[in-house]
Amino acid sequence: MSVAARLRSIPAGAALTAPAILYLGLLYLVPLVWLLARSFSGPDGFTIEPYAALLSDGFTWQVIGNTLRIATLVTLLTLAVGYPAAIVLSRARGWMQVVLLVSIILPLSVGIVVKAFAWQIVLSRNGVVGQLLVASGLFEHAPQLLFTEAGLVVGAANVFLPFMILPIYSVLNLLDPRLPEAAATLGASPLYRFTRVTLPLTLPGIVAGGAFVFSMSVSMYVIPSLLIGDRFQTLATLTGRSFLFMRNEQLGSTTAVLLLAISVSVILAATALARRLGGMR
Amino acid sequence: MNAASETSSARAFLEISGAGKSFGSTPVLDGVDLSIASGEFVSLLGPSGCGKTTLLRIVAGLLKADGGQVRLDGRDITAVPPHRRDVGVVFQNYALFPHLTVAENVAFGLSARGVAKAESGAAVARLLGLVGLAAMADRSVRGLSGGQQQRVAVARALAPGPKLLLLDEPFSALDRKLRETMQIELRRILREVGTTAIFVTHDQDEALVMSDRIAVMNRGRIEHLGVPQDIYRRPATPFTLDFVGLSTRVSGTVRGSRDGLSLVETAFGTVGARSSYLEGSPVAIGVRPERIALDARHENRMRVRLADAIFQGAKAQLHFHAANGDRVLVEALDVPTGLSRGDEIELSFAVEDTLIYPAQTAGEAA
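Chain order of the listed sequences is A and B.
Residue numbers for the first sequence follow our numbering, so the first one is 7 and each next one is one higher.
Residue numbers for the second sequence follow our numbering, so the first one is 2 and each next one is one higher.
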């Protein structure tokens, strides 16, 4: 049998997904199972004691609250900034569109550590933002921005912004431009057109972008480490500390699994929502 | 052109004057004037790129004209945004809202104007009944056939009670049979509602079937505005002659004019036409194929040889060649018995049916 014929005899789906399955299985699934096993194993074999201990601790709930609050705020901020940007991008033509696309995608090639340090400089008391606020007369002294939750949200939103813009942009691009026009000829004001036509039809893009940004900001480690520090713990930074500083693999595994559970449920819920909304189109 | 002046009556419901538009350095609309009376159904007929859709979008307010004015029902709407114009549009691809049901689509214009649900419900039901979709109210629009989608689009556009309805090639996505049904259906609906309508199409048959008047457009101008009979029988320009219906066209030279009758020398012989061209003028002569008789009963005659006979069911098409090779097209009810390919016969047509145009514009428009 020739190579080509043999390749043809393998179901195409299996052949095409094999590299991905191998890669994910070896480098992701195996460590994950180890992590999961580690979090459920005590001195006497299987136990849920680490979870019970963790969840009965008020501090844990504070950390979970921090994690979800920051992730939600970052998602909302990227949506508020990203949706108008996606509209401008989808309306741009020619070189303007290229410039905008590059300026959205290029920052992705700058490492997160570099960006986080950059925001440290921008947000510091004599940084650009502080200076501007003083110059505008709104503040007498530059307000504390670095090492605050607000600073963290702003910095993280900047890093994750492309992941909100691009899915919305791709859905906007598929939107028939005649639909808002049809709404206009039916007597709908610009606001009514947006809320009743454009927004509902681009919801799948918002859901996808939201899922990206939320799952990335729920698990971010470097950005909070640099922009807010140790005083403020999220599940991700707690996991990192457990492994790196406290050398408590049990605690680290448990918080990691908790974080994973949250991320996975967000992704699943978003996918289900997107499918329902997407099915409407 | 005789186009605009003919009907700019004092009671114009829609009055477009000097509408012009260029995209970059390409002029698309070249100062178009058009007046439409209340309740009238006017078609804009022309090939793609003639500016008919551009004119429609300017009237709808979806496109800003470079110059000119649009007045509707006594009000200057040139600068009015589309949602305050009371001009409904049925789009070429219907542009139904895919996330809404049939009834919600139809109700859209009413809710956009703040009409209460209870009140709009009755109007929506009435319109769905009018277009024959009462049973489909709660269906999603995605599952509908092309004809049903079009009915929804018409009902949706009519729901807010627009002063003017614009239809942009609404039949182009339908197959031939359905198209003919929908044309008659749409005529009935619009007659019932009594809406003034402008209809954009590149299909001459559609325009002839649907319209009270037709504006034949070419290169951003209206070439001929008139009732369908006029457009077909007395096309004002060679472009209209060619674009609407079939015709035989030959060039010739005027040999003399007297009492409104010009004698034109052509390759077929000398024919008469109602005009007063100067002697020696180069002209083009046109005749509609069904106006040519297969015998010598009329004044204008020519000897030709049968090249092909095509039976088409309700009628037959006969292709003849003249001695110099020019083609002559004749439409008859049937292929005459006893006439076979290669036979030479004499054809004739009346002076009244002989169309005559200056030769230069004939070449330019071709």
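Glycine included, every Cβ here is placed at the ideal spot set by N, Cα and C.
Within chain A, the residues Leu-192, Gly-193 and Ala-194 have their CB atoms less than 8 Å from the CB of Gly-110 (chain B), given in chain order. In the structure shown, Val-265 (chain B) falls within a strand segment according to DSSP collapsed to helix, strand and coil. Burial is judged here by how many other beta carbons sit within 10 angstroms of a residue's own beta carbon; Asp-354 (chain B) has at least 16 and is buried. Out of B:Leu-340, B:Leu-348, B:Leu-334 and B:Ser-276, the CA that lies nearest to the CA of Ile-293 (chain B) is found in B:Leu-348. With a beta-carbon spacing of about 26 Å, Pro-82 (chain B) and Val-142 (chain B) fall beyond the 8 Å limit used to define contacts. With respect to chain A, the C-beta atom of Asp-87 (chain B) has a partner C-beta closer than 9 Å. Look at Phe-92 (chain B): its C-beta is under 9 Å from a C-beta on chain A.
Relative to Leu-250 (chain A), the option among A:Gly-71, A:Tyr-227, A:Asn-72 and A:Ile-268 whose CA is nearest is A:Tyr-227. Interface annotation for the region 197–214 of chain A against chain B: Tyr-198, Val-203, Pro-206 and Leu-207, criterion Cβ-Cβ distance under 7 Å. Shown in chain order are the members of the region 167–193 of chain A whose Cβ falls below 8 Å from a Cβ of chain B: Asp-182, Arg-184, Leu-185, Glu-187, Ala-188, Ala-189, Ala-190, Thr-191, Leu-192 and Gly-193. Proximity of the region 96–110 of chain B to the region 197–212 of chain A meets the contact definition, three or more beta-carbon pairs being nearer than 8 Å. Annotation for Ala-160 (chain B): no alpha helix (DSSP H) segment contains it, and DSSP assigns it neither H nor E. Taking the beta carbon of Pro-83 (chain B) as reference, the chain A residues within 8 Å of it are Glu-187, Ala-190 and Thr-191, listed in sequence order. For Gln-205 (chain B) and Ser-276 (chain B), the gap between their C-alpha atoms comes out near 27 Å. Of all residues in the region 139–173 of chain B, only Ser-141, Arg-143, Ala-154, Arg-157, Ala-158, Ala-160, Pro-161, Pro-163 and Leu-167 come within less than 9 Å of chain A when Cβ atoms are compared, listed by chain position. Looking only at A:Gly-71, A:Leu-30 and A:Thr-208, the smallest Cα-Cα distance to Ser-176 (chain A) is reached by A:Thr-208. Counting along the chain, no beta strand (DSSP E) covers Gly-88 (chain A); the unbroken alpha helix (DSSP H) around it starts and ends at 64–97. In this structure, the CA atom of Ala-43 (chain A) is about 60 Å from the CA atom of Ala-154 (chain B). What Ala-113 (chain B) touches in chain A, judged by beta-carbon distance under 8 Å, is Ala-189, Leu-192, Gly-193, Ala-194, Ser-195, Tyr-198 and Arg-202, going in chain order.
Considering only beta carbons, the part of the region 41–69 of chain B lying closer than 7 Å to chain A consists of Ala-61 and Leu-63, in chain order.
Taking all protein chains in view, the Cβ of Arg-157 (chain B) is crowded by 16 or more other Cβ atoms within 10 Å, so the residue is classified as buried.
The residue from A:Arg-237, A:Val-263, A:Pro-196 and A:Leu-232 with its alpha-carbon nearest to that of Thr-245 (chain A) is A:Val-263.
Counting only the Cα atoms, Leu-46 (chain B) lies some 6 Å from Ala-216 (chain B). Distances from the alpha-carbon of Ser-44 (chain B) to those of B:Ile-232, B:Gly-21, B:Thr-254 and B:Ser-258 put B:Ile-232 closest.
Taking C-alpha positions only, Arg-302 (chain B) is separated from Thr-271 (chain B) by approximately 8 Å.
In the three-state reduction of the DSSP assignment, Gly-281 (chain B) falls in the coil class. Three or more pairs of CB atoms, one per stretch, sit closer than 8 Å, so the region 224–241 of chain A contacts the region 148–158 of chain A. Contact annotation, Arg-250 (chain B) with Leu-307 (chain B): C-beta distance approximately 20 Å; criterion of less than 8 Å not satisfied. Taking 9 Å as the cut-off, the beta carbon of Gly-216 (chain A) is found closer than this to the beta carbon of Met-170 (chain A). Neighbours of Phe-24 (chain B) in chain A, taken as residues whose beta carbon is under 9 Å from its own, are absent, since the nearest beta carbon is some 13 Å off. Rounded to whole angstroms, the gap between the alpha carbons of Gly-89 (chain B) and Arg-99 (chain A) is 29 Å. In the displayed model, Phe-238 (chain A) falls within coil according to three-state DSSP, outside both helix and strand. By the CB criterion at 9 Å, Phe-238 (chain A) and Val-272 (chain A) fall outside the cutoff. Distance between Val-228 (chain B) and Met-211 (chain B), taken at the CA atoms: about 11 Å. With its beta carbon less than 9 Å from one in chain A, Ala-96 (chain B) belongs to the interface. Beta-carbon to beta-carbon, Val-60 (chain B) and Leu-134 (chain B) are separated by about 27 Å, too far to satisfy the 8 Å threshold.
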